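Colleague: Numbering (the numbering used here), first residue to last: 172 to 665.
Shown next, in the form of C-alpha cells:
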C-alpha cells in the first residue's frame with residue numbers, strides 16, 4: 172500500500188548549525204531512506220521572509236509527481252540573514268545541504284539578544300550558587316521535580332555558598348604553613364572555617380550543581396529510598412567516619428601512619444615551642460576536628476555531581492537517593508564503615524536538575540527550572556577544558572571506577588536547532604538557536620584514545636542517562652556527518 176506523501180514528509184529532519192565568529196548558517200535536511208542525489212530532481216530552495224521559513228522543493232517518485240512534487244517547510248531561526256547573498260545548496264547521498272550567509276555571526280553582541288530572544292530554553296545556563304535569589308524568597312521548600320512531592324520537613328531560611336575546593340591551599344599561600352608568625356593564623360582560620368561549614372539543621376549549602384542539606388531537614392522517607400549503595404570510592408583523601416576504633420586499628424596495622432593528627436603537638440619543631448599557649452593553639456584546634464570534618468578540611472569540598480580523579484579514594488561510598496513517591500533520582504550522600512548507611516557527615520546532596528523550589532515545576536518561582544542534567548554536565552565539562560582546543564575526558568563510574576564513556580570536545584562555541592519538517596499547509600513557527608558543545612562520543616565498548624586530559628567520576632544513573640542523551644543527539648546529523656575517527660559526533664546543550 173502506497174504511503175501518503177504528507178506522512179512521508181514527517182520523516183524528514185532538519186538541523187541548523189552555526190559557529191561562533193563565523194557569518195554562516197548551515198542546514199542539514201535528511202531522512203533515513205532517501206538518497207537526495209538520485210531522488211531529488213529539480214531541487215529548488217527559496218526563503219519566505221514573512222513566514223520565517225525556508226522552502227525546499229523537488230520532484231522524485233511517480234507518487235510525488237502526481238502530487239506536484241514535494242515541498243518541505245523548514246523554520247528559519249532568528250538570525251540576521253544577508254538578503255543579497257545567494258542561497259547555496261546541493262543534494263548529497265544522504266542529505267540536502269543548504270548554506271545561508273549572515274550579516275553578523277550569531278554570537279555577535281549586536282545580535283545575541285535577537286538569537287536568544289526572551290526564551291529561557293535557548294539561553295545558555297549560567298550556573299551559580301543561587302544564594303541571593305533563595306534568600307530573598309524567604310522560606311523555601313524543596314520538591315521532587317518529576318512528581319512535585321515535598322522533600323523538606325520545614326521551610327529553609329538560611330542559605331550559604333559551599334566553600335571553595337582550594338581554600339585551605341589558598342590560606343597556606345597567604346599565611347604560610349609554619350605555626351610561627353602568620354602560620355598560626357592559617358591554622359586557626361582553616362579550622363574555624365571548617366567548623367562553620369558543617370552540616371546543621373536549617374542551613375542549606377549551595378554549590379553550582381547541588382544543594383547540601385542536613386538529613387534532619389528532609390522528610391524521613393527520603394533517606395529510606397536508596398537507588399544503590401556505592402562501595403569502594405569517595406570524594407576525599409581522608410576517611411571521615413566518626414568510629415575511632417576503626418581508625419585506631421588501621422593506624423596500628425600501618426605503623427601509626429594514619430593517625431598523624433594526634434602526634435602533631437608532640438612533633439612540633441623547636442621553632443614552634445617558644446610560646447606553648449599561642450604557638451600550639453592552631454594544633455589544639457586541629458585536634459578538635461572530628462574525622463568527618465577532616466574530610467572537609469583535607470578532601471573534596473564541592474559536590475558529588477562530577478568529581479575529578481584527584482579527589483577520589485577508597486574509604487567512603489556514595490548512596491544514591493530516589494524520590495519516595497515516584498522513584499526518580501534526587502542525589503546522593505556519603506556513607507562509610509560503621510555508619511549503617513547513614514550520612515557520615517550528616518549531609519545529603521540533592522542535584523539541582525532533579526529538584527524544584529515550587530510545587531509547580533517550571534514556573535518563575537522555581538529557582539532551579541533551567542538546570543538539567545545535560546546542561547549541568549556540559550558546563551562542568553567546559554569548565555574543565557578551559558581554553559583547550561581539543562579536550563579528552565574519560566568518564567567513569569564513581570562506585571566501581573569502571574569506564575562509562577569518553578568525550579572529546581570539538582567545539583564549545585556552536586549553535587544549533589533541530590526538528591521535523593512540516594508541509595506548506597501547516598503553520599510554521601519562529602524558533603531559536605541554542606548554544607551547544609560539539610563533541611566526539613564513544614561508549615565503554617568502543618576503542619579508547621591513548622591521550623586523556625582528565626578523568627572524572629559520576630554516579631552510574633547519571634552516566635547512563637548521559638549516554639542516552641549523547642546517542643540520541645548523534646542522530647540529529649545525517650550518517651555521513653555523524654562519525655569521525657571511529658566515534659560518534661554528538662552535541663550537548665549549554
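The C-beta atom is built at its ideal place from N, Cα and C for all residues, glycine as well.
Just so we're clear, the structure is a prediction, and the values are computed from it rather than from any experiment.
#1: Along the alpha helix (DSSP H) that carries residue 142, what are the first and last residues, could you check?
#2: Is the distance from the Cβ of residue 243 to the Cβ of residue 592 below 9 angstroms?
#3: Please return the same chain residues whose Cβ sits closer than 8 angstroms to the Cβ of residue 308, not counting the five positions on each side in sequence.
#4: What distance in whole Å lies between the Cβ atoms of residue 250 and residue 305, which are believed to be in contact at a cut-off of 8 angstroms?
#5: Where does residue 192 sit, in a helix, a strand or coil, going by DSSP?
#6: Just to confirm, are residue 394 and residue 324 a CB contact at a threshold of 9 angstroms?
#7: In terms of DSSP beta bridges, what is residue 590 paired with?
#8: Ordered along the chain, which non-local residues of its own chain (more than five positions away) have a Cβ less than 7 angstroms from that of residue 520?
#9: Please classify residue 518 as buried or exposed, where buried requires at least 16 neighbouring CB atoms within 10 angstroms.
#10: Do you know whose CA, among 493, 625, 584, 515, lies nearest residue 193's CA?
#11: Can you give the Cα-Cα distance for residue 543 and residue 230, rounded to whole angstroms?
#12: Relative to the alpha-carbon of residue 122, which residue among 547, 319, 639 has its alpha-carbon at the smallest distance?
#13: Can you list, in chain order, the residues of its chain with a C-beta nearer than 6 angstroms to that of residue 217? Leave out the 5 residues immediately preceding and following it.
#14: Just tell me which of 333, 609, 198 has its CA closest to the CA of residue 259.
#15: Between the Cα of residue 492 and the Cα atoms of 632, 371, 578, 534, which residue gives the shortest distance?
#16: Between residue 421 and residue 319, what straight-line distance do the alpha-carbon atoms span, to the nearest angstrom?
#17: With the cut-off set at 9 angstroms, would you say residue 271 and residue 247 are in Cβ contact?
#18: Are the Cβ atoms of residue 189 and residue 575 separated by less than 9 angstroms?
#19: Can you give the Cα-Cα distance for residue 656 and residue 481, rounded to whole angstroms?
#20: Looking only at its chain, what residues have a beta carbon closer than 8 angstroms to the beta carbon of residue 269, apart from the 5 residues adjacent to it on each side?
#21: Taking the straight line between their C-alpha atoms, what separation do you get for residue 490 and residue 523?
#22: For the beta strand (DSSP E) that residue 279 lies in, which residues bound it at each end?
#23: Rounded C-beta distance between residue 552 and residue 564? I'm assuming under 8 angstroms.
#24: Just the C-alpha distance for residue 262 and residue 206, rounded to the nearest angstrom, thanks.
#25: Going along the chain, which residues of its own chain have a beta-carbon closer than 6 angstroms to the beta-carbon of residue 663, five neighbours each way excluded?
#26: For the alpha helix (DSSP H) that contains residue 550, what are its first and last residues?
#27: Between residue 264 and residue 182, is the Cβ-Cβ spacing less than 9 angstroms?
#28: Compute the distance between the beta-carbons of residue 569 and residue 629, then report whether it is under 9 angstroms.
#29: Closest to residue 223 by C-alpha separation, out of 567, 590, 602, 191, would be which residue?
#30: Have a look at 613, 533, 531 and flag the residue whose alpha-carbon is nearest the alpha-carbon of residue 566.
#31: Do you know offhand how far residue 418's Cα is from residue 556's?
#32: Of all the alpha helix (DSSP H) runs that stay within the bounds of the stretch 201–226, which reach a length of 4 or more residues?
#33: Using only alpha-carbon positions, find the residue among 498, 533, 571, 186 that is nearest to residue 487.
Modeller: Reading it off the structure:
#1: The structure shown does not extend to residue 142, since the chain is modelled only from 172 to 665, so the question has no answer here.
#2: Start at 1 with the first residue of the chain shown, and residue 243 comes out as number 72. Start at 1 with the first residue of the chain shown, and residue 592 comes out as number 421. Cβ distance < 9 angstroms, so residue 243 and residue 592 count as in contact.
#3: Translated into the one-based positions of the chain shown, residue 308 becomes position 137. Taking residue 308 as the centre and dropping the five residues before and after it, the same chain places the C-beta of 528, 536, 538 closer than 8 angstroms to its C-beta, in chain order.
#4: Locating residue 305 in the chain shown gives position 134, counting from the first residue. Locating residue 250 in the chain shown gives position 79, counting from the first residue. Cβ-Cβ separation between residue 305 and residue 250: approximately 36 angstroms, too far for a contact (criterion under 8 angstroms).
#5: Within the chain shown, the letter at position 21 stands for residue 192. Residue 192: coil per DSSP, three-state reduction.
#6: Position 223 of the chain shown, counting from 1, holds the residue named residue 394. Position 153 of the chain shown, counting from 1, holds the residue named residue 324. Contact annotation: residue 394 and residue 324 have beta-carbon atoms that are not nearer than 9 angstroms.
#7: Working through the chain shown from its first residue, we reach residue 590 at position 419. The beta-bridge partner set that DSSP reports for residue 590 consists of 185.
#8: Sequence index remark: in the chain shown, residue 520 carries index 349 (1-based). Around residue 520, the same chain offers 381, 383, 474, 475, 502, 503, 504 as residues with beta carbons nearer than 7 angstroms, after the five sequence neighbours per side are excluded.
#9: Locating residue 518 in the chain shown gives position 347, counting from the first residue. Buried, by the Cβ-count rule.
#10: Against the chain shown, residue 193 aligns to sequence position 22. Distance from the Cα of residue 193 is smallest, within the candidate group 493, 625, 584, 515, for 584.
#11: Position 372 of the chain shown, counted from the first residue, corresponds to residue 543. Position 59 of the chain shown, counted from the first residue, corresponds to residue 230. For residue 543 and residue 230, the distance between alpha carbons rounds to 43 angstroms.
#12: The question about residue 122 has no answer, for the chain in this structure spans 172 to 665.
#13: Counted from its first residue, the chain shown places residue 217 at position 46. Answer for residue 217: 226, listed in chain order.
#14: Here residue 259 refers to the residue found at position 88 of the chain shown. Of 333, 609, 198, the residue nearest in Cα terms is 198.
#15: What you label residue 492 is simply residue 321 of the chain shown in a count that begins at 1. Ranking the options by Cα distance to residue 492, first place goes to 632.
#16: On the chain shown, residue 421 is found 250 positions in, with the first residue counted as 1. On the chain shown, residue 319 is found 148 positions in, with the first residue counted as 1. For residue 421, the pLDDT reaches just 40, beneath the cut-off of 50, and the residue's location in the model is therefore unreliable, although a value from the coordinates is still provided. C-alpha of residue 421 to C-alpha of residue 319: approximately 45 angstroms in a straight line.
#17: As a working mapping, residue 271 is identified with position 100 in the chain shown. As a working mapping, residue 247 is identified with position 76 in the chain shown. At the C-beta level, residue 271 and residue 247 come within 9 angstroms of one another.
#18: Here the question's residue 189 lines up with position 18 in the chain shown. Here the question's residue 575 lines up with position 404 in the chain shown. Not closer than 9 angstroms, so no.
#19: Position 485 of the chain shown, counting from 1, holds the residue named residue 656. Position 310 of the chain shown, counting from 1, holds the residue named residue 481. Whole-angstrom Cα-Cα distance: 29 angstroms.
#20: In the chain shown, the residue the question calls residue 269 occupies position 98. Spatial neighbours of residue 269 in its own chain (CB-CB distance under 8 angstroms, excluding positions within 5 residues in sequence) are listed in chain order as 197, 198, 200, 216, 225, 227, 258, 259, 260.
#21: Reading the chain shown from its first residue, position 319 is the one you call residue 490. Reading the chain shown from its first residue, position 352 is the one you call residue 523. Each residue's alpha carbon lies about 17 angstroms from the other.
#22: Working through the chain shown from its first residue, we reach residue 279 at position 108. Residue 279 -> no beta strand (DSSP E), and no H or E assigned at all.
#23: In the chain shown, counting from the first residue as 1, residue 552 sits at position 381. In the chain shown, counting from the first residue as 1, residue 564 sits at position 393. Here residue 552 really is in contact with residue 564; their C-beta atoms are around 6 angstroms apart, less than 8 angstroms.
#24: On the chain shown, residue 262 is found 91 positions in, with the first residue counted as 1. On the chain shown, residue 206 is found 35 positions in, with the first residue counted as 1. Using only the alpha carbons, I get a separation of about 8 angstroms.
#25: Numbered from its first residue, the chain shown carries residue 663 at position 492. 545, 549, 608, listed in sequence order.
#26: One-based indexing of the chain shown puts residue 550 at position 379. Residues 544–556.
#27: Locating residue 264 in the chain shown gives position 93, where the first residue counts as 1. Locating residue 182 in the chain shown gives position 11, where the first residue counts as 1. Here residue 264 is not near residue 182, since their CB atoms are 9 angstroms or more apart.
#28: As a working note, residue 569 is residue 398 in the chain shown. As a working note, residue 629 is residue 458 in the chain shown. Taking 9 angstroms as the Cβ cut-off, residue 569 and residue 629 qualify as a contacting pair.
#29: By one-based count along the chain shown, residue 223 stands at place 52. Closest by alpha carbon: 602.
#30: What you label residue 566 is simply residue 395 of the chain shown in a count that begins at 1. Out of 613, 533, 531, 613 has the C-alpha closest to the C-alpha of residue 566.
#31: Residue numbering aside, residue 418 sits at position 247 when the chain shown is read from its first letter. Residue numbering aside, residue 556 sits at position 385 when the chain shown is read from its first letter. Unreliable placement is indicated for residue 418, whose pLDDT of 34 sits below 50; no coordinate value is reported for it.
#32: Segments of the alpha helix (DSSP H) lying fully in the stretch 201–226: 207–210.
#33: Locating residue 487 in the chain shown gives position 316, where the first residue counts as 1. Nearest to residue 487 by C-alpha distance, out of 498, 533, 571, 186, is 571.
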